[in-house]
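Here the structure comes first, spelled out in structure tokens, and everything after it is commentary.
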Amino acid sequence: MSEGAVLLERERLTSGTTWHTAGLLWQLRPSDVEVELLAHTRRVVSRELEEETGLHTGWIQNGGLFIASNRQRLDEYKRLMSLGKAYGVESHVLSPAETKALYPLMNVDDLYGTLYVPQDGTMDPAGTCTTLVRAAAARGAQVIENCPVTGIRVRTDDFGVRRVAAVETQHGPIQTPCVVNCAGVWASAVGRMAGVKVPLVAMHHAYVVTERIEGIQVGGLPLALRQAGVDRWAGGQVWDLALKPSGAPSALSLGGLVCEMGMVALGGTGWCQS
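When we follow the numbering used here, the leftmost residue of the sequence shown carries the number 89, and every step to the right adds one.
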């Protein structure tokens, strides 16, 4: 955000989903656009924001670990490693034995290998938001809280193209030719205000908080991603456990453990189909 930009917040900043998000940052994705964007995001949250504002984003660089339980997945991770190298993202394919040395709590008996990204990590979501707001305000941007958006006014230009004309709020309209939809789980609803379909589906989440577990400490273990069964889980953090949607497999990958539903679970985030 810079001069001329206005952020509209319907309540208070971070009062929606931000305050309880996991704050994970994984740099390697199948899309080169995402890899470049996430590598830039890491530079911003790990160094540039603190240098500019004097505030800490809560960044912890404990690395990321992508787990391959079949040969095809390991081949995919080798491709991700090559893609990341083009954008300066360091990564290494590890054998099961090397993975065990890095993550002693993990059972590697059924693994073909892992992809380790040393510069992945986590941030404090609320702290990062506060730091971003300070940096944006210093550059002339405005943040208006308790200002729900009620509609987006569009017009059709001389070439028949629909364009944004204004944003309607409870406190009156704001004339603008450009809207950036950053509403998160409400992005689809905001898109409909302008006649735009946003392909986004929201899911309910819940927290699982454990007592201290011997061998796990904040920032002491890499974040881990298992692509079969559950989306992702993190070592040594407060974890975000997604409710199981209809048709999802009845197993969780949590805190270095894979357990069936009903057993003691440490935490994790997001269900995906095997």
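Note that CB positions come from ideal geometry on N, CA and C, so glycine has one too.
Notebook entry, point to check: With DSSP run on the structure shown, which of helix, strand or coil describes Gly-323?
Noted result: Confidence at Gly-323 is low in this model, with a pLDDT of 42, below 50, so its placement is unreliable and the value that follows should be read with caution. Three-state result, Gly-323: coil.
Notebook entry, point to check: What's the C-alpha gap between Leu-193 and Pro-310?
Noted result: 11 Å
Check: Taking the alpha carbon of Val-94 as the point to measure from, which residue in Ala-189, Gly-146, Ala-229 and Gly-215 has its own alpha carbon closest?
Finding: Ala-229
Notebook entry, point to check: Where does the unbroken beta strand (DSSP E) through Glu-256 begin, and where does it stop?
Noted result: 250-257
Check: In terms of DSSP beta bridges, what is Pro-287 paired with?
Finding: For Pro-287, which the question treats as bridged, DSSP gives no partner whatsoever.
Notebook entry, point to check: Where does Phe-154 land, buried or exposed, given buried means 16+ other C-beta within 10 angstroms?
Noted result: buried
Notebook entry, point to check: Can you tell me whether DSSP reads Tyr-204 as helix, strand or coil?
Noted result: strand
Notebook entry, point to check: Thr-129 lies in the beta strand (DSSP E); which residues open and close that run?
Noted result: Note, Thr-129: premise wrong, no beta strand (DSSP E); alpha helix (DSSP H) at 120-131.
Next item on the list: Pick helix, strand or coil for Arg-115, following the three-state DSSP scheme.
Entry: Note on residue identity: the sequence assigns Gln, not Arg, to residue 115. Note: Gln-115 maps to coil in three-state DSSP.
Next item on the list: Could you name the residues of the same chain whose beta carbon sits closer than 8 Å to that of Val-407, not counting the 5 residues immediately before and after it, in chain order?
Entry: A question about residue 407 goes unanswered here, because the residues of the chain that appear run from 89 up to 362.
Notebook entry, point to check: CB-CB under 6 Å to Glu-138, same chain, minus the five flanking residues each way: which ones, in chain order?
Noted result: His-144
Check: According to the neighbour-count rule (16 or more other Cβ atoms, all chains shown, within 10 Å of its Cβ), is Ala-185 buried or exposed?
Finding: exposed
Checklist line | CB of Pro-213 within 7 Å of CB of Gly-151, strictly | finding: no
Checklist line | Opening and closing residue of the beta strand (DSSP E) in which Arg-243 lies | finding: 237-244
Item checked: Three CB pairs or more closer than 8 Å across the region 115-122 and the region 272-288 -> no
Item checked: Secondary structure of Leu-95, DSSP reduced to three states -> strand
Next item on the list: Look at the Cβ atom of Tyr-200, then the Cβ atom of Leu-162, and state whether they are nearer than 7 Å.
Entry: yes
Check: Under 7 Å between the Cβ atoms of Thr-102 and Cys-235?
Finding: no
Checklist line | Test item: CB-CB of His-180 and Tyr-204 under 7 Å | finding: yes
Next item on the list: Return the first residue and the last residue of the beta strand (DSSP E) that Ala-189 is part of.
Entry: Run containing Ala-189: none in the beta strand (DSSP E); it sits in the alpha helix (DSSP H), 184-190.
Notebook entry, point to check: Helix, strand or coil: which one does DSSP assign to His-180?
Noted result: strand
Check: Using a Cβ-Cβ cut-off of 6 Å (strictly less than) and excluding sequence neighbours within five positions of Thr-187, which residues of its own chain qualify?
Finding: Val-196 and Thr-202
Check: Can you tell me whether DSSP reads Ala-353 as helix, strand or coil?
Finding: Confidence at Ala-353 is low in this model, with a pLDDT of 29, below 50, so its placement is unreliable and the value that follows should be read with caution. Ala-353: coil per DSSP, three-state reduction.
Notebook entry, point to check: For Glu-140, which residues of its own chain have a beta-carbon under 6 Å away from its beta-carbon, when the five flanking residues on both sides are left out?
Noted result: Ala-223
Next item on the list: Flag Arg-161 as yes if its beta-carbon sits less than 7 Å from any beta-carbon of chain E, otherwise no.
Entry: The question asks about chain E, but that chain is absent: this structure has only one protein chain.
Notebook entry, point to check: Which whole-angstrom value describes the C-beta separation of Asp-198 and Ser-134, a residue pair presumed to lie in contact below a C-beta threshold of 8 Å?
Noted result: About 33 Å separates the two Cβ atoms, so there is no contact after all.
Next item on the list: Determine the burial state of Ala-174: buried for a count of at least 16 other Cβ atoms within 10 Å of its Cβ, exposed for fewer.
Entry: exposed
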